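There are 2 protein chains.
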Amino acid sequence: MTDAPAHREAPDAEAVPAVPSAPERAPSRVAVERLYPEIDGGRFPAKRVAGDEMVVEVNAVADGHDELRCALLHRRDGATAWTETPMTSLVNDRWRGSFPVPALGAYEYTAEAWIDRFRTWRRDFERRLEVRQDVAVELLVAAQLVGAAAARTTGEAARKLHATSRALLPPVDVQARIKTALDETLLGLMDEHGERANVTRYPRTARVMVDPPRAAFSAWYELFPRSASTKAGKHGTFRDVIDRLPYIAGLGFDVLYLPPIHPIGITHRKGKNNAVTCGIDDPGSPWAIGAGAGGHTAIHPKLGTIDDFRALVRAAGEHGMDVALDIAFQCSPDHPWITEHPLWFRRRPDGTARYAENPPKKYEDIYPLDFESGDWRGLWEALRDVFLYWAEQGVHIFRVDNPHTKPFAFWEWVIAEVKRAHPEALFLAEAFTRPQVMYELAKVGFSQSYTYFAWRNSAWELRQYFEELTQTELSEFFRPNLWPNTPDILTEYLQAGGEPAFRARLLLAATLGANYGIYGPSFEKGEAIPRAPGSEEYRDSEKYEVRTWDVDESSAMADFIRRVNAIRRENEALHNDRSLRFHPVDNEQLLCYSKQSADGESVIVVVVNVDPHFTQSGWVHLPPADVGMPDGAPFQVHDLLGDARYIWEGDGHFVQLDPRSTPAHIFAVRKKLRSEREFEYYF
Amino acid sequence: MTDAPAHREAPDAEAVPAVPSAPERAPSRVAVERLYPEIDGGRFPAKRVAGDEMVVEVNAVADGHDELRCALLHRRDGATAWTETPMTSLVNDRWRGSFPVPALGAYEYTAEAWIDRFRTWRRDFERRLEVRQDVAVELLVAAQLVGAAAARTTGEAARKLHATSRALLPPVDVQARIKTALDETLLGLMDEHGERANVTRYPRTARVMVDPPRAAFSAWYELFPRSASTKAGKHGTFRDVIDRLPYIAGLGFDVLYLPPIHPIGITHRKGKNNAVTCGIDDPGSPWAIGAGAGGHTAIHPKLGTIDDFRALVRAAGEHGMDVALDIAFQCSPDHPWITEHPLWFRRRPDGTARYAENPPKKYEDIYPLDFESGDWRGLWEALRDVFLYWAEQGVHIFRVDNPHTKPFAFWEWVIAEVKRAHPEALFLAEAFTRPQVMYELAKVGFSQSYTYFAWRNSAWELRQYFEELTQTELSEFFRPNLWPNTPDILTEYLQAGGEPAFRARLLLAATLGANYGIYGPSFEKGEAIPRAPGSEEYRDSEKYEVRTWDVDESSAMADFIRRVNAIRRENEALHNDRSLRFHPVDNEQLLCYSKQSADGESVIVVVVNVDPHFTQSGWVHLPPADVGMPDGAPFQVHDLLGDARYIWEGDGHFVQLDPRSTPAHIFAVRKKLRSEREFEYYF
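From first to last, the protein sequence lines are chains S and V. So in this note's numbering, spot 62 of the first sequence is number 62, and the numbers just go up one at a time. Each number in this note's numbering comes from the position in the second sequence (counting from 1) with 1000 added on.
Structure follows, in structure tokens:
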């Protein structure tokens, strides 16, 4: 929005009965098209967070040379009255406006344009004056326009307009009438009360969904509560997790994400390292949900009680952290629903249950749910109630397991249902599948999404992928959440690259993505041994056994993570993805990119050496104007990681990075560089 | 369309009453999105010509791993039944299909996708067989699916499906059942009769407007009939134009375009060289339409009678040419409408008529029409009747003067009205204005559009502009018509470049654009003297006086034009704009581009020297695969202008062009190059 925009309550088009006009008006001469953002013709909302300014653009054109004006209309979803804000003309008949979105939930918006006869007249009038044309008749036209505006309004404005209309007529002196006609106050009055001719409303209404700020900027830390004990071999509890909160919060994370915390099935339970048979003490995979002790709303008895869980949520809050739960809609053969709701599970023609499979792979410890059964409504409502149950326990962030194997329509419905009761709720989609399916899940409502980041390791891959995510319409609805590792993903890059690789990947995740996360303490410990060569599974994975971690907040890695997270928090440039821009480097092992805050005050330039083995150097091509600096003047870049300061001048800047000491620079661009001209006695 | 597609009559979604389903089905799992082309959410039609294949793409995705199928639905505008053609899966969940558009007028299309349970089952079944899983139960599933399909149909198909269903059950031997299940005939039957689960129709219907082939491929020749006499000083007639037809047709043009042929106003008539006062013999500008002898449906008495005009249209037809008329909706102060329909013209508050102006410029010999008056309907209908009158005289191509100063809604209405009676009608928009206004006119119905071509003279400008026109969505509705010169535009490039400049510009217009035109005989004569330095107006312009031209069909320029037009006609690659691709050249004075026919059989590569003064040489970067040649093998390019043949091999090709002899190569790429292997005794 421009400064102090004129807000004006506009009646809803549908709510006001059409005034029969005599004679019938010709169709409007104004075309309003190409509203942006508008996802799939308004079918899906764009996404923003509370406090954002929602910027909207639209095309508006008419025939001829008339001056147009354009207004953005917005309202809270469900409201009837529109609030109007003026839009500004850009180049090429494009207009831009904005409105603030302070509240959670959906807003609607559209645009309207019309011909402004007074501004058209005024522009032509000025041109006529320039060439000293006789303007006597033109002043009569102005008097007509102003008089008509007066007749259209009441009160003080009407009085002023009437007076002005008379002041534009003889016998008033021509020079005085010209002055009156060009008066800025008159222009303001006419903007407000002048006729809006040929008003055209954009044919559709678009929507924006407003989430809490954490949807756009978050640092996640995933851990297995059962491995949170400090005593080797002992099953961890929520109380153990509470004890670890100072460590996690100290590293700078703000979302604590727990894999499923429910009772684990016995039948077909997997053993250590995903063995088909399990030993008597094997705890099983937390994703094989449900046993005698309950299903998706129960807590695994060894983790603690619901009160312990509530205490954990509370304690996390005191450390500035939200607890995120893993919602995996699938059942172990021992889940209560199997017997209570047989219709919710598919059976084969021989009567046996259809376990999960992606032929030829079989997952016999898991039964998928049938979202299309005769009792689909019963199932959908039960699943909604799972979310609502945990929301009532204080959880409002949900990491959803494999959403791409459940219907889009279900997610659209359930996310809307949960948000209706809990507008602060956030949903992270764990869908490692084809791009269009991932994007569809984001469209139907997921607040954040896992990405292919883990497998994009070279500079050109990262650049290509993140340009797609941030420079296209995707940035309107798909919020990437970047994970260097997860309990399922130990990439070859981490396996081969040692600690330098872990540092480079953390830094890339934390600065390429406003949302990122790590799976710890595995990450801090640099755990990098796969179950087998070529596998991305960990050896002795926590997914199948209880582990114990000796966390160390004074380790070099902890120090590095703490520093990167602090830089993220302190530099607003890193709180968004949409401003991401890449800059050329003449060494393909170096990646350079920048981000800026919406107001341009915070500017960060990152240069990363993606080669974890060798020192790399090269020239970054970064004209000062690309980061908001005046061309031709030197400026300072301050490396927030190493605390060194450099003066950059011109377009090319030399950089050298040794992965063993530091894999990257995170430069804050300092706007002002002092010179002799600022010395007291210079002038 | 793939070979022999299965057409199937699908009922219209709206026409069939919804069958109440018990129990209620879950919402569809399939999402169908991003139909292309679909201009502004289906608000405007795409454009094709009769005989084209209309290619359509769409996204279709579902959760999970089920196999989808997708169909394109199309129908003539106004029909109720859809015709269905299968779409083919591309990468990234994108589907493509096509349908033929043999008839003039509009077609509607949309897409539908569904889950194919049998194909899903079959794919998984093959994977199970590969790892030798027990498939006994899976064969039961197949029997169920086939049995259900049998129950859904009747006749021979039902009988076959019933039999197959039984053959999939014990006691038939398992190996025989596997063979039955994988039988291709069964697959075909199931494709046709198997259940379509989760059918989703794209939410909107898009349209395509089908024009005559000349809308997409035409060569225009503009002349002033009053200058068509061979006797100096004599006012030319339609009969003189008839005498010139063999010359024009011989040059290879197929549209003969005449500036307005109506009586010309006397009041404020402009003199020679646009002088404000005119001499007694000055004929005035043909665009100052209307006098005592009539208005937009009358003929200037000195040009001949309506019968002469009809004779001209007939004679042009005999030479393979259409006559195009200039429709300029504006009136001289002497036009009959001024007195007959005073409401159709704006007046100023002092009662005087409002002549045309774009302040501070005044056009006092012209009154604009008021499209918004109380009698707008009367005016709109009268203007429509102008088109209909000339259409009845055999004219179906209209070059519309300044359409951007009349409402879009008027054009949308009038073009639809004219096409309703004359679906073969074509409209060329002469709008030299801002891009969005030009594009809007194309959207609302103009078949072709003038462009900025005249002012794009450097290689990079041409490349940038024509990539915008042909590589974006614009190519779906905006058909460029390229003019090196017009009676209003004598560019500085032509003024300075001499005959080499005329040749280069003609060749660029004729090969960059499938539609192009010249203003002759001025063009063939190389007329290049402006009225004043810095002006784009001609000295002694035909717009204000009668000229006489001594045309010469054996001139070097005539020969060049004839050759270029013959190459255009003979090479289908040049009949479209959408295939235009530019190729890098290491000399910025050289421009290289290619075009291909839809079937890839005709491939043309053009290299132009845009410098009219100096010989330029350089290396064209053109990997053989870019023009459909196998990489690594040499291929022949045949210069159709100079008749030389070159063997090209690898990616770089040297070119040198002397503007004094020839400004360009127009290479036909020859698919087959003989080698020793084709020699009879080689093997």
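Idealized CB from N, CA, C, for every residue including glycine. These numbers come from a predicted model, not from an experiment.
From what residue to what residue does the beta strand (DSSP E) around residue i run?
| i | result |
| --- | --- |
| F1477 of chain V | Careful: F1477 of chain V lies outside any beta strand (DSSP E) and carries neither H nor E. |
| I1261 of chain V | Taken as a continuous stretch (DSSP letters only), I1261 of chain V belongs to no beta strand (DSSP E), as it is neither H nor E. |
| I1666 of chain V | 1664-1670 |
| F1329 of chain V | No beta strand (DSSP E) contains F1329 of chain V, which DSSP labels as neither H nor E. |
| S1098 of chain V | 1094-1101 |
| A219 of chain S | 218-222 |
| V210 of chain S | 206-211 |
Residue i bridges to which residues according to DSSP?
| i | result |
| --- | --- |
| H653 of chain S | S:V620 |
| N1481 of chain V | V:Y1450, V:N1515 |
| A1275 of chain V | V:G1271 |
| P530 of chain S | S:Y538 |
| I1075 of chain V | One detail in the question is off: residue 1075 of chain V reads as Arg in this sequence, not Ile. Paired residues: V:E1108. |
| I115 of chain S | S:L68, S:A197 |
| E33 of chain S | S:N59 |
| A1291 of chain V | V:G1294 |
Checking contacts by CB at 8 Å: is residue i closer than that to chain S?
| i | result |
| --- | --- |
| V1669 of chain V | no |
| L1428 of chain V | no |
| F1560 of chain V | no |
| R1127 of chain V | yes |
| S1021 of chain V | Model confidence at S1021 of chain V stands at a pLDDT of 48, short of 50, so the residue's coordinates are unreliable; what they give is reported in the following sentence. No, S1021 of chain V does not count as interfacial toward chain S. |
| N1059 of chain V | yes |
| V1199 of chain V | no |
| P1749 of chain V | As shown, chain V starts at 1001 and ends at 1683. That puts residue 1749 of chain V outside it, with no answer to give. |
State the start and end residues of the unbroken alpha helix (DSSP H) segment that holds residue i.
| i | result |
| --- | --- |
| D1191 of chain V | 1184-1193 |
| A62 of chain S | From DSSP, A62 of chain S is part of no alpha helix (DSSP H) but of the beta strand (DSSP E) over 52-62. |
| L1245 of chain V | 1238-1251 |
| Y465 of chain S | 459-471 |
| D1559 of chain V | 1556-1570 |
| K1179 of chain V | 1174-1181 |
| P1336 of chain V | 1336-1340 |
Quick one: does residue i have its CB under 8 Å from some CB of chain V?
| i | result |
| --- | --- |
| H665 of chain S | no |
| V137 of chain S | yes |
| D694 of chain S | Nothing can be reported for residue 694 of chain S: it is not among the residues displayed for chain S, which extend from 1 to 683. |
| V56 of chain S | no |
| D350 of chain S | yes |
| P342 of chain S | no |
| R177 of chain S | no |
| V437 of chain S | yes |
| A13 of chain S | At A13 of chain S the pLDDT is 41, less than 50, meaning the model places this residue with poor confidence and gives no usable figure here. |
Could you name the residues of the stretch 1023-1034 of chain V whose beta carbon sits closer than 9 Å to any beta carbon of chain S, in the order they occur along the chain? Near chain S, meaning a CB-to-CB distance below 9 Å, the residues of the stretch 1023-1034 of chain V are P1023, E1024, R1025, A1026, P1027, S1028, R1029, V1030, A1031, E1033, R1034.
Which residues, in order along the stretch 1358-1379 of chain V, keep a beta-carbon less than 7 Å from a beta-carbon of chain S? Within the stretch 1358-1379 of chain V, the residues whose Cβ lies closer than 7 Å to some Cβ of chain S are N1358, P1359, P1360, F1371, E1372, G1374, W1376, listed in chain order.
Members of the stretch 627-661 of chain S that neighbour chain V once the beta carbon cut-off is set at 9 Å: none
My parser needs the beta strand (DSSP E) runs of 3 or more residues fully inside the stretch 1365-1445 of chain V; what are they? 1397-1401, 1426-1430
Name, going along the chain, the residues of the stretch 64-95 of chain S whose beta-carbon falls closer than 9 Å to a beta-carbon of chain V. G64, H65, N92, D93, R94
Any residues in the stretch 1206-1230 of chain V with a beta carbon nearer than 9 Å to a beta carbon of chain S? Which ones, in chain order? none
Which residues of the stretch 153-175 of chain S have a Cβ closer than 9 Å to any Cβ of chain V? Give them in chain order. The stretch 153-175 of chain S vs chain V, Cβ under 9 Å: nothing.
The stretch 396-429 of chain S: which residues have C-beta closer than 7 Å to a C-beta of chain V, in chain order? H404, T405, K406, P407, F408, A409
For the stretch 1532-1546 of chain V, enumerate the residues whose C-beta is nearer than 9 Å to any C-beta of chain S, in chain order. none
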